[in-house]
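In order, the protein sequences belong to chains A and B.
Here the first sequence is numbered in numbering that gives the first Met the number 0, starting from 0 and rising by one per residue.
Here the second sequence is numbered in numbering that gives the first Met the number 0, starting from 0 and rising by one per residue.
C-beta atoms are modelled at their ideal positions from N, C-alpha and C, and glycine is treated no differently.
Computed from a prediction, not measured in an experiment: that's the story for all the values here.
Take a look at the structure set out below.
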Amino acid sequence: MTKRVLVLALALMLVVSATVFAAGTQESAKPGEKTKITFWSPFSGGDGDIMKSIVADFNAQSKTSEVEFLIFKSEEYYTKLMVSVSSNSAPDVAILHLSRLLEFTSDNLLEPLNKYASAVGMNWGDFSGVLQKAAQIDGNYYAVPLDTHLLLMHFNTKWLGELGMLDANGKPAMARGEKAFFDYFNAVKGKLGDNQMPLSGTSQFGLPQYVWYTLLTQYGGEIQNADGTKATLDTAENKKALSVMKQMVDSGIWPKGQKNGAEIFTGFRATATINGNWGIPIFEKVNGLEFISMPFPQFTNVNSVYADSHTMVMPTSRQSDAKKQAAMEFMAWMADNTLDWAQAGHIPSKTKIVDSAEFKALPYRSEYAKSAEYAHFYPRSLSLTGMIEVVQRELATMIAGDQDVNTTAANMQAGYQRLLDQKR
Amino acid sequence: MGSLNKQHDLHAAQRKESLAAWLFMLPFLALYAAFLLFPIFRGLYTSFTNARLVGTVRIIGLENYAEMLADKDFWGSMGNTLYFVLISTPTIVVVGFVLAMLINAKLKGTVFLRTAYFSSYVLSMSVVTGLWIFIFQPYTGLINTIITKFGGQEIFWLSTRGIVWLAILMTTVWWTVGFDMVLFLAALQNIPTEMYEAAEIDGASKAQVLFKITIPMLRESTVLVVMLQMIASFKLFGQTYLMAGGGPGTHTRTIVHYIYESGFTNRRLGYASTMSIAFFLVVLGFSLLQRKLFANKEGR
């Protein structure tokens with residue numbers, strides 16, 4: 000009998016211990032302890048290290064808060080973030096690209112910041128006009144912008160100098176316009192040997208999409224109509240942008256099939272490369288690479304370049320007001336200390352930092368900081384993530400030589416319109 | 000009376016025993032129910048709703064199923080997956096068998112070979128695909144560098160129709176063949192040596208030994224290996240997604256990829272669940288079909 004009791008007791012213990020472990024624990028800050036703030040980001044490249052050191056600086060100076068910084072792979076970041084908010088396990092602070100703001104606010108996944116921001120005395124007027132406007136929806140601020148980041152073109156000045164393709168100021172001798180672009184790079188191509196290419200740039204995923212949106216807006220197109228109900232991608236403007244891209248590939252200026260365009264540039268296989276400003280920290284580390292980062296060429300009379308902004312947001316949670324206030328203090332401190340963030344090539348969000356002597360002293364930045372004035376963000380859309388997926392797929396297919404311009408435009412239109420229809 | 004009482008005691012004791020057994024199983028059953036049964040039934044329920052990743056949920060009956068049947072992207076992705084199952088299952092099973100035979104021959108260095116063939120199986124998806132992207136990528140990749148050194152043209156392994164499947168297949172064989180090999184090896188070592196000795200005495204040729212003894216004796220294991228391999232091939236996602244982005248176009252977009260895209264990129268969990276249920280039924284159907292085919296041959 001006693002043995003049976005023992006057996007039963009043992010079995011019960013197993014069950015109980017399993018449930019206890021499953022339940023986990025809810026943590027809260029004790030008095031005298033620092034408030035712990037979790038902070039998520041998708042910075043898996045060089046900018047991750049820079050952000051890490053900025054967060055370490057914050058932790059060193061803060062007497063009240065301790066920030067725990069986590070980096071996720073960019074491909075899975077937004078899925079993880081979204082699921083975490085809906086399962087009430089979201090971080091206190093998260094990085095969000097400004098273009099995705101509506102997708103998050105429409106499902107009430109973000110806290111409005113007005114209350115907390117005014118408590119820390121944040122002046123929204125400090126931010127550049129474009130960002131200030133884009134960070135609010137219906138009068139509520141949801142995001143604290145850190146930067147503007149945009150597409151650039153980087154040139155190997157030593158190599159192009161040897162080829163005689165630089166002007167007297169040591170910059171690429173390329174005039175404005177579509178024809179000038181092709182003339183310049185065809186001339187470069189004529190001077191190159193085997194296994195060398197004029198222009199590198201990854202042939203799939205994000206990069207072709209940045210090039211595409213830059214060209215689409217330069218040729219006067221847009222992804223959707225004014226109220227965001229109809230896709231406008233089967234248009235003359237889009238076909239023009241696509242055919243220019245296809246011409247860049249087919250002429251051998253920007254050869255197809257590139258898995259990592261930056262690697263080809265830093266391996267001295269390409270005289271120039273298409274990459275964002277975030278490529279600069281990588282290029283700066285390469286021994287013997289002399290380069291200049293310039294605004295992306297303008298193909299028409301309309302100034303435009305693809306851009307987005309890293310912002311900090313507060314996912315919806317059941318955390319206490321005190322904790323949310325502490326998170327806001329961290330966000331405000333970050334926005335004031337973006338000069339270090341500019342090391343990653345990004346353009347700071349606050350005008351007084353962009354105008355500071357310290358920022359201007361950084362190399363290359365003054366060359367391209369002015370292109371932030373005509374930076375073009377995606378319009379607000381509830382289906383932006385899906386649109387990007389469709390566009391990236393169609394562009395990669397066209398670049399691979401598997402699909403013509405008309406089919407690409409038609410597929411983009413059908414794919415995006417289907418997503419817009421599902422959301423209503 | 001006495002015997003009745005005794006019987007009663009016996010029943011009571013048995014009841015207590017089985018109660019104890021159930022209590023011991025409870026932790027496992029709780030986890031099984033929470034992480035396997037519940038998600039399956041929850042998925043079935045979700046497939047009848049308009050659920051998105053977040054927000055309110057409404058039951059919409061069979062709307063998702065109707066949409067799925069008319070969705071050419073669904074059929075296309077399912078077709079791609081079936082294509083891969085067809086090309087990969089025989090390849091990996093045969094290669095696994097050959098490697099197992101090679102190691103079982105007990106030549107010099109087989110311990111090293113066995114470890115070498117199996118070691119890639121323990122690597123994670125991202126490591127494997129990262130490695131093979133480096134091997135296949137144009138301009139700077141291993142294969143193309145060699146080809147162009149000898150005056151050949153760049154081959155666009157990961158963005159050309161047809162060729163991309165070859166690249167995916169090679170990667171998958173390299174990654175997972177070790178598992179099939181180990182299963183075959185275990186079965187090979189279970190074949191009684193007397194049979195081989197008897198065959199030798201009878202003067203059987205090597206081919207006769209292979210086809211009359213080894214392969215028939217491996218029948219049971221082969222059924223298992225083929226089944227496991229087929230299911231593994233059905234689940235293809237990481238290699239095509241990470242190496243080719245499902246492209247060119249949707250040429251290598253598998254059904255798991257399309258479910259992921261619908262559920263997480265476009266946030267349509269309801270529709271994604273519907274396709275998951277359909278996918279489950281297809282895999283189940285193929286597994287049953289395979290069992291039936293093998294069982295018939297054995298005359299059971």
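Check, Outcome
"Chain A contact residues for B/G202, given Cβ-Cβ distances below 9 Å", "Residues of chain A passing the Cβ test: none, with the nearest at roughly 57 Å."
"Whole runs of the beta strand (DSSP E) within the segment 155-182 of chain A, excluding any shorter than 3 residues", "none"
"Any C-beta of chain B under 8 Å from that of A/F184", "no"
"Which of helix, strand or coil DSSP assigns to A/G275", "strand"
"Among A/A395, A/Q412 and A/G251, nearest to A/Y209 - alpha-carbon criterion", "A/A395"
"Residue-chain proximity (A/A395, chain C), Cβ-Cβ < 8 Å", "The chain inventory of the structure shown lacks chain C, comprising the protein chains A and B."
"B/K105 versus B/V208 - alpha carbon distance", "17 Å"
"Uninterrupted alpha helix (DSSP H) stretches inside the segment 69-155 of chain B (no shorter than 4 residues)", "71-103, 109-118, 124-135 and 141-148"
"Proximity below 8 Å, CB of A/F71 to CB of A/P90", "no"
"Nearest neighbour of B/T251, chosen from B/L182, B/L288, B/E260 and B/Y240 [CA to CA]", "B/Y240"
"Neighbourhood of B/T170 by C-beta, 8 Å cutoff - its chain only, sequence neighbours within 5 removed", "V127, T128, W131, Q238 and M242"
"Inter-residue Cα distance where the pair is B/F236 and A/G260", "25 Å"
"Those residues which DSSP pairs with B/D201 across a bridge", "Bridge partners of B/D201: none, in fact."
"8 Å CB neighbourhood of A/L215 in its chain, flanking five on each side removed", "E221, I222, E236, N237 and A240"
"Below-8 Å beta-carbon distance, A/F429 vs any chain B residue", "The displayed coordinates of chain A run from 0 to 423. Any statement about residue 429 of chain A would go beyond what the structure contains."
"Helix, strand or coil at A/Q421 [DSSP, three-state]", "helix"
"Cross-strand partners of A/H153 (DSSP beta bridge)", "A/T272 and A/S292"
"Beta-carbon separation (whole angstroms), B/M180 vs B/A99, contact threshold 8 Å", "5 Å"
"Candidates A/K255, A/Q342, A/K62 and A/M327: closest to A/I281 by CA position", "A/Q342"
"Buried or exposed (CB count within 10 angstroms, at least 16 for buried), B/V93", "exposed"
"Exposure of B/Q188, with buried meaning 16 or more beta-carbon neighbours within 10 Å", "exposed"
"Proximity of A/P197 and A/F184 at Cβ, strictly below 8 Å", "yes"
"Nearest-angstrom Cβ-Cβ length linking A/N336 and A/I53, presumed shorter than 8 Å", "6 Å"
"Exposure label - A/M164; buried when at least 16 CB within 10 Å", "buried"
"Contacts that B/F263 makes with chain A (C-beta to C-beta distance below 7 Å)", "T78"
"At least 3 beta-carbon pairs within less than 8 Å: the segment 72-85 of chain A vs the segment 21-32 of chain B", "no"
"Beta bridge counterpart(s) of A/T34 as assigned by DSSP", "A/S64"
"B/F285 beta carbon less than 8 Å from that of B/M229", "yes"
"Residue from B/V53, B/G60, B/G108 and B/A65 whose Cα sits closest to the Cα of A/S86", "B/V53"
"Nonlocal neighbours in the same chain, by C-beta distance under 6 Å from A/A334, ignoring five residues either side", "V143"
"Rounded straight-line distance, which links the Cα of B/N49 to that of B/R267", "7 Å"
"Cross-chain neighbours of B/Q207 in chain A, by beta carbon under 7 Å", "Neighbours of B/Q207 on chain A: none; closest Cβ ~50 Å, over 7 Å."
"Span separating the alpha-carbon of B/M0 from that of B/H10", "Note that B/M0 scores a pLDDT of 47, beneath 50, so its modelled location is shaky and nothing firm can be said."
"Span of the alpha helix (DSSP H), counted from its first residue to its last, around B/L184", "I162 to Q188"
"CA-to-CA distance, A/L100 to A/R268, given in whole angstroms", "39 Å"
"Identified DSSP bridge partners for A/V304", "A/A374"
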